[in-house]
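Numbering (my numbering), first residue to last: 41 to 325.
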């Protein structure tokens, strides 16, 4: 049984979207919504499963039209179908965020065209994390992590922010991680990339804020998901003494994203919202 992050993991996760395969609970899709995002279009990267899928469902339930993206067409179509079955509006566009910058810019244009010319909300959710020790980290691991976690958000923001500033309305949200704030063995590259994402978000807030675009980060904590079922003892150990007393869920993160996306958070710029059950503030090994 793995005891990661206290010792080297017995598994390695490649896709942050896959870290949280728990579906968005139906109560989120019916009965608790305020339609705060009606008339807006959201692009959520890595939204074919997990936190990304939960976010897509939540934004759609709040009235947004959602562009679901990812590499797995079958899973993407399933997310879109579920949103539509519940009265939401969504479409799927395949994307590979390891692609070259020109290809990413083409993807941004395709997504904008599919959304009838406007993206009001960009959620950078997709990420990869090679959970291996430093000596075992390969050149391919390094390239993939930097491409997906840093280069892709930068290129997509540069491609879509001008549209937002022109209309003087837009929101960019980065899904970061509590690991950006603390040191852990075996996830140094991932943690560093998440710290870089948070700094990009703060810089973008300074750059675009006075042009009507808000930029913030949501930092999830330890989340119980099917992919870490074999490390349930680790998740329990990490979270049992937290103020929240439990692991996070994809819907916990989606709720924070939806709030930041709404006008209720109109005065929130450049912030990192820790949705981690108190792990960053109180955890001590």
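All C-beta atoms, glycine included, are put in the ideal place defined by N, C-alpha and C. Source: prediction; values computed, not measured.
Supposed contact pair residue j and residue i - C-beta distance, whole angstroms, cut 8 Å
i, j, result
"residue 165", "residue 212", "Rounded, the Cβ-Cβ distance is 12 Å, inconsistent with contact."
"residue 252", "residue 289", "Actually they are not in contact, since the Cβ atoms of residue 252 and residue 289 sit about 32 Å apart, beyond 8 Å."
"residue 85", "residue 137", "7 Å"
Neighbourhood of residue i by C-beta, 7 Å cutoff - its chain only, sequence neighbours within 5 removed
i, result
"residue 227", "45, 169, 171, 219"
"residue 177", "170, 229"
"residue 67", "Unreliable placement is indicated for residue 67, whose pLDDT of 41 sits below 50; the coordinate value is still reported in the next sentence. So the list is empty, once near-sequence residues are dropped."
CA-to-CA distance, residue j to residue i, given in whole angstroms
i, j, result
"residue 110", "residue 149", "16 Å"
"residue 292", "residue 315", "7 Å"
"residue 163", "residue 273", "31 Å"
"residue 317", "residue 280", "10 Å"
"residue 299", "residue 159", "18 Å"
"residue 250", "residue 241", "15 Å"
"residue 193", "residue 221", "20 Å"
"residue 201", "residue 156", "16 Å"
"residue 195", "residue 181", "20 Å"
"residue 83", "residue 113", "16 Å"
"residue 247", "residue 304", "22 Å"
"residue 254", "residue 208", "10 Å"
"residue 124", "residue 277", "39 Å"
"residue 271", "residue 179", "27 Å"
"residue 154", "residue 321", "42 Å"
"residue 94", "residue 197", "22 Å"
"residue 231", "residue 225", "10 Å"
"residue 306", "residue 210", "11 Å"
"residue 173", "residue 244", "32 Å"
"residue 323", "residue 175", "27 Å"
CB contact flag (residue i, residue j, <8 Å)
i, j, result
"residue 81", "residue 104", "yes"
"residue 319", "residue 261", "yes"
"residue 258", "residue 297", "yes"
"residue 256", "residue 310", "yes"
"residue 77", "residue 235", "no"
"residue 275", "residue 283", "no"
Cβ shell of residue i (< 6 Å), same chain only, five flanking positions each side left out
i, result
"residue 108", "87, 96, 116, 119, 120, 130, 132"
"residue 238", "216, 220, 257, 312"
"residue 106", "82, 96, 99, 100, 130"
"residue 135", "109, 147"
"residue 122", "none"
"residue 203", "none"
Close Cβ partners of residue i (< 8 Å) along its chain, the five nearest in sequence each way excluded
i, result
"residue 233", "167, 185, 186, 189, 190"
Any non-hydrogen atom of the ligand MN closer than 7 Å to residue i Cβ
i, result
"residue 171", "By its list of ligands, the structure shown contains no ligand whatsoever, and the ligand MN lies outside what it can speak to."
Do the segment 199-217 and the segment 97-111 make contact, defined as three or more Cβ pairs closer than 8 Å?
Touching, no.
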